[in-house]
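Q:
Number of protein chains: 2
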Amino acid sequence: MKQALYNARVSQQQRTRGRPRAFDRDRAVLDAARLFWRRGYSGTSTRDLTAALGLSTSSLYAAFGSKAGLFEEAVRTYAERYREIYRQAVAEKDLRTVIDRLLIDSVHEFTRPSDVHPGCLLSSAAMTDSTSTLDTSAYYAELHGWNERALLARIERAVQDGELAAGTDAAALTGLVQSVVHGLSVRANLGATHEDLMATARLAHELLCRHLTASTP
Amino acid sequence: MKQALYNARVSQQQRTRGRPRAFDRDRAVLDAARLFWRRGYSGTSTRDLTAALGLSTSSLYAAFGSKAGLFEEAVRTYAERYREIYRQAVAEKDLRTVIDRLLIDSVHEFTRPSDVHPGCLLSSAAMTDSTSTLDTSAYYAELHGWNERALLARIERAVQDGELAAGTDAAALTGLVQSVVHGLSVRANLGATHEDLMATARLAHELLCRHLTASTP
DNA sequence: CTTCTTCTGAATCGTTTGCTCCATAAAAGG
DNA sequence: CCTTTTATGGAGCAAACGATTCAGAAGAAG
Chain Y
1 MKQALYNARV
11 SQQQRTRGRP
21 RAFDRDRAVL
31 DAARLFWRRG
41 YSGTSTRDLT
51 AALGLSTSSL
61 YAAFGSKAGL
71 FEEAVRTYAE
81 RYREIYRQAV
91 AEKDLRTVID
101 RLLIDSVHEF
111 TRPSDVHPGC
121 LLSSAAMTDS
131 TSTLDTSAYY
141 AELHGWNERA
151 LLARIERAVQ
161 DGELAAGTDA
171 AALTGLVQSV
181 VHGLSVRANL
191 GATHEDLMAT
201 ARLAHELLCR
211 HLTASTP
Chain V
1 MKQALYNARV
11 SQQQRTRGRP
21 RAFDRDRAVL
31 DAARLFWRRG
41 YSGTSTRDLT
51 AALGLSTSSL
61 YAAFGSKAGL
71 FEEAVRTYAE
81 RYREIYRQAV
91 AEKDLRTVID
101 RLLIDSVHEF
111 TRPSDVHPGC
121 LLSSAAMTDS
131 TSTLDTSAYY
141 AELHGWNERA
151 LLARIERAVQ
161 DGELAAGTDA
171 AALTGLVQSV
181 VHGLSVRANL
191 GATHEDLMAT
201 ARLAHELLCR
211 HLTASTP
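Chain order of the listed sequences is Y and V. Under full-length UniProt numbering, the residues of the first sequence are numbered 1 to 217, in order. Under full-length UniProt numbering, the residues of the second sequence are numbered 1 to 217, in order.
Shown next as structure tokens:
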């Protein structure tokens, strides 16, 4: 199994034998992710990658196995960041803070100044999978399924704990919050400014909190 | 200018001289759109297109000029449907109906039973433009800019007409509605059912209307 | 009928694609 | 020192790509 070799060498590289790698592997993954983000998987050739990353074809294949392997690693790397946003948000104590953190952190993630083209990498990369070993569409659905279930569980817990009224439709509430988050990503992608998105996040938070208050027994 | 020839022959074809076209042009555009939607521009080869549309290479090039030309026509065709949703929604009399129509019509558009893979075609096709004659990213931004401005103007008019309180932040309200609509598209894309999205649309409408009522003088 | 115009199918062109091979370079182990 | 191990750079392969060409087919106009 050759693939294991590429994944075994994690970012914390310990000194091994042989000639040391001349480029920063993690940096290369991030640069590749940005390229895939903008032009899609099929739209990004290996020549584009080697040119942008500043390394030769053989170096790329020695480090990542294939174009699909590099793509897969780029997707997984970015995916963890989104999962982390949900993980931290649902850990908050009261539901208002959960929603607030989720919305605000999402806006910050979608409009990072380091990324020239903001928005969620996955929503664009997920479409053009082609013959990738990773079924990106399924992976993307799985990731967002995980995030959505985490949020739903948190809201249902709030209902059980009496933080919300017993009759509250947790699923519908989850769906709305998810829609707003996804919508923020799309609008970031379309060029909305950080301030625009923050205004949306604040208004959404206000309306949702008012709804929660109204539902509170 | 050869391109003019391809565009001149509109769907309402009047009998011309020469051998008649053996396939349905409009149907071919829609089928191509679905293919581009799923696999992106670069991910869809001309062989894929000719196979799925059931026509030969020369027929495709005679009818659309190039792969980019077919893509451009597919994008423009779909874009008009989305523009129409906004056009009809903002024409409604009171603002509550505007928002209701926009949300509900969007859900219906994003989960049409005829389309196997639902969601907004443009949000996926816009990423993988490559060397297309149409700068899809810019076209996409322009379309949604038009829609957003139409909605913003409608909300501002509501403020001026006294339908809403004078202090209402029309821009923030527009941003939130837009985010929800885009979010509905993304979730449809991720496999959310028609009922899920309808529940989201209803809840969003409820919260927004409550907000409007609270803002009313 | 003939002529004119347009569409179709097959073959194919030149380019780009993802990827491999191999000689060489640079470190570590003995 | 020499051997082993890994990375680099460049040349290049087989396949797929977008696009073109051309002989023939099919209807409209005269």
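Using N, Cα and C, we set each Cβ at its ideal position, and we do this for glycine too.
CA-CA distance, L143 of chain Y and A74 of chain Y?
A: In the first sequence, the residue the question calls residue 143 of chain Y occupies position 143. In the first sequence, the residue the question calls residue 74 of chain Y occupies position 74. For L143 of chain Y and A74 of chain Y, the distance between alpha carbons rounds to 14 Å.
Q: For S185 of chain V, collect the residues of the same chain with a Cβ closer than 8 Å to its Cβ; drop the 5 residues on either side in sequence, then sort them by chain order.
A: As a position in the second sequence, residue 185 of chain V is number 185, starting the count at 1. Scanning its chain for C-beta atoms nearer than 8 Å, with the 5 sequence neighbours on each side dropped, one finds around S185 of chain V the residues S106, F110, G119, C120 and S123, in chain order.
Q: So which of Y:L95, Y:R19, Y:T213 and Y:A51 has the shortest CA-CA distance to A153 of chain Y?
A: Counting from one through the first sequence, the residue named residue 153 of chain Y turns up at place 153. Closest option to A153 of chain Y, Cα to Cα, is Y:L95.
Q: Just to confirm the assignment, what range does the alpha helix (DSSP H) spanning Y140 of chain V have?
A: Counted from its first residue, the second sequence places residue 140 of chain V at position 140. Segment T136 to Q160, the alpha helix (DSSP H) holding Y140 of chain V.
Q: Measure the beta-carbon distance from S66 of chain V to S42 of chain Y and round it to whole angstroms, keeping in mind my assumption that it falls under 8 Å.
A: The residue you call residue 66 of chain V lines up with position 66 of the second sequence. The residue you call residue 42 of chain Y lines up with position 42 of the first sequence. About 18 Å; that fails the 8 Å criterion.
Q: Going along the chain, which residues of its own chain have a beta-carbon closer than 7 Å to the beta-carbon of H211 of chain Y, five neighbours each way excluded?
A: The count along the first sequence starts at 1 and reaches residue 211 of chain Y at position 211. No residues qualify anywhere along the chain.
Q: The alpha helix (DSSP H) that contains F36 of chain V, what's its start and end?
A: In the second sequence, counting from the first residue as 1, residue 36 of chain V sits at position 36. From DSSP, the alpha helix (DSSP H) with F36 of chain V extends over R25 to R39.
Q: Would you say residue 271 of chain Y lies against chain V (beta-carbon separation less than 9 Å)?
A: This structure cannot settle anything about residue 271 of chain Y, because the visible part of chain Y is limited to 1 through 217.
Q: Going by alpha carbons, who is nearest to R149 of chain Y out of Y:R19, Y:A170 and Y:L103?
A: Counted from its first residue, the first sequence places residue 149 of chain Y at position 149. Nearest option by C-alpha distance: Y:A170.
Q: Interface residues of chain Y around V75 of chain V at Cβ under 7 Å?
A: Counted from its first residue, the second sequence places residue 75 of chain V at position 75. None at all; the shortest Cβ gap to chain Y is about 14 Å.
Q: Straight-line CA distance for F36 of chain Y to T213 of chain V?
A: Here residue 36 of chain Y is taken as the residue at index 36 of the first sequence, counted from 1. Here residue 213 of chain V is taken as the residue at index 213 of the second sequence, counted from 1. Each residue's alpha carbon lies about 45 Å from the other.
Q: Under 9 Å between C-beta atoms, does residue 263 of chain Y make it to chain V?
A: Given a span of 1 to 217 for chain Y in the structure shown, any question on residue 263 of chain Y remains unanswerable.
Q: Mapping the DSSP letters down to three states, classify C209 of chain Y as helix, strand or coil.
A: What you label residue 209 of chain Y is simply residue 209 of the first sequence in a count that begins at 1. The answer is helix: DSSP assigns C209 of chain Y an H, G or I state.
Q: Could you spell out where the alpha helix (DSSP H) holding L60 of chain V opens and where it closes?
A: To locate residue 60 of chain V, count along the second sequence from 1; it is residue 60. T57 to F64 is the extent of the alpha helix (DSSP H) around L60 of chain V.
Q: Tell me which same chain residues have a C-beta within less than 7 Å of the C-beta of I104 of chain Y, skipping the five on either side of it?
A: As a first step, residue 104 of chain Y must be located in the first sequence, where it is residue number 104. Around I104 of chain Y: A201.
Q: Thinking C-alpha only, which one of Y:A199, Y:G54, Y:V98 and Y:R76 is nearest T174 of chain V?
A: Here residue 174 of chain V corresponds to residue number 174 of the second sequence, with the count starting at 1. Closest by alpha carbon: Y:A199.
Q: Is there a Cβ of chain V sitting closer than 9 Å to that of V90 of chain Y, yes or no?
A: Residue 90 of chain Y sits at position 90 when you count from the first residue of the first sequence. No, V90 of chain Y lies away from the interface with chain V (no Cβ there is under 9 Å from its Cβ).
Q: Comparing the C-beta of Y140 of chain Y with each C-beta of chain V, is any distance below 9 Å?
A: Residue 140 of chain Y sits at position 140 when you count from the first residue of the first sequence. At least one chain V Cβ lies under 9 Å of Y140 of chain Y.
Q: Look at T77 of chain V and L30 of chain V and say whether their C-beta atoms are less than 9 Å apart.
A: By one-based count along the second sequence, residue 77 of chain V stands at place 77. By one-based count along the second sequence, residue 30 of chain V stands at place 30. The answer is yes: Cβ separation under 9 Å.
Q: Measure from the C-beta of E206 of chain Y to each C-beta in chain V and report whether the shortest distance is under 9 Å.
A: Reading the first sequence from its first residue, position 206 is the one you call residue 206 of chain Y. Closer than 9 Å to some Cβ of chain V, the Cβ of E206 of chain Y qualifies, so yes.
Q: Do you know offhand how far H205 of chain V's Cα is from F71 of chain Y's?
A: Along the second sequence, read from residue 1 onward, the residue named residue 205 of chain V stands at position 205. Along the first sequence, read from residue 1 onward, the residue named residue 71 of chain Y stands at position 71. For H205 of chain V and F71 of chain Y, the distance between alpha carbons rounds to 39 Å.
Q: Listed from N- to C-terminal order along the chain, which residues in the region 188 to 201 of chain Y have their beta-carbon within a distance smaller than 7 Å of any beta-carbon of chain V?
A: The region 188 to 201 of chain Y vs chain V, Cβ under 7 Å: L190, G191, D196, A199 and T200.
Q: Tell me whether R21 of chain V sits in a helix, a strand or coil according to DSSP, three-state version.
A: Mapped onto the second sequence, residue 21 of chain V falls at position 21. Here R21 of chain V carries a coil assignment [DSSP, helix/strand/coil].
Q: Between which two residues does the alpha helix (DSSP H) holding D175 of chain Y run?
A: Mapped onto the first sequence, residue 175 of chain Y falls at position 175. According to the sequence provided, residue 175 of chain Y is Gly. The question's Asp does not apply to it. Start and end: A170 to N189.
Q: Closer than 7 Å, Cβ to any Cβ of chain Y: which residues of the region 100 to 117 of chain V, in chain order?
A: none
Q: Report the rounded CA-to-CA distance for G145 of chain V versus T193 of chain Y, giving the unit in angstroms.
A: Here residue 145 of chain V refers to the residue found at position 145 of the second sequence. Here residue 193 of chain Y refers to the residue found at position 193 of the first sequence. Distance between the alpha carbons of G145 of chain V and T193 of chain Y is about 13 Å.
Q: Alpha carbon to alpha carbon, how far is L208 of chain V from L207 of chain Y?
A: To locate residue 208 of chain V, count along the second sequence from 1; it is residue 208. To locate residue 207 of chain Y, count along the first sequence from 1; it is residue 207. Their backbone Cα atoms lie some 7 Å apart in a straight line.
Q: Compute the Euclidean distance between the alpha carbons of S11 of chain V and A62 of chain V, then round it to the nearest angstrom.
A: Here residue 11 of chain V refers to the residue found at position 11 of the second sequence. Here residue 62 of chain V refers to the residue found at position 62 of the second sequence. Its pLDDT being 46, under 50, S11 of chain V is placed unreliably by the model, and the measurement read from it follows with that caveat. Straight across, the Cα-Cα distance linking S11 of chain V with A62 of chain V is about 15 Å.
Q: Could you run through the region 146 to 173 of chain Y and flag, in chain order, every residue whose CB is less than 8 Å away from some CB of chain V?
A: Near chain V, meaning a CB-to-CB distance below 8 Å, the residues of the region 146 to 173 of chain Y are D169, A171, A172 and L173.
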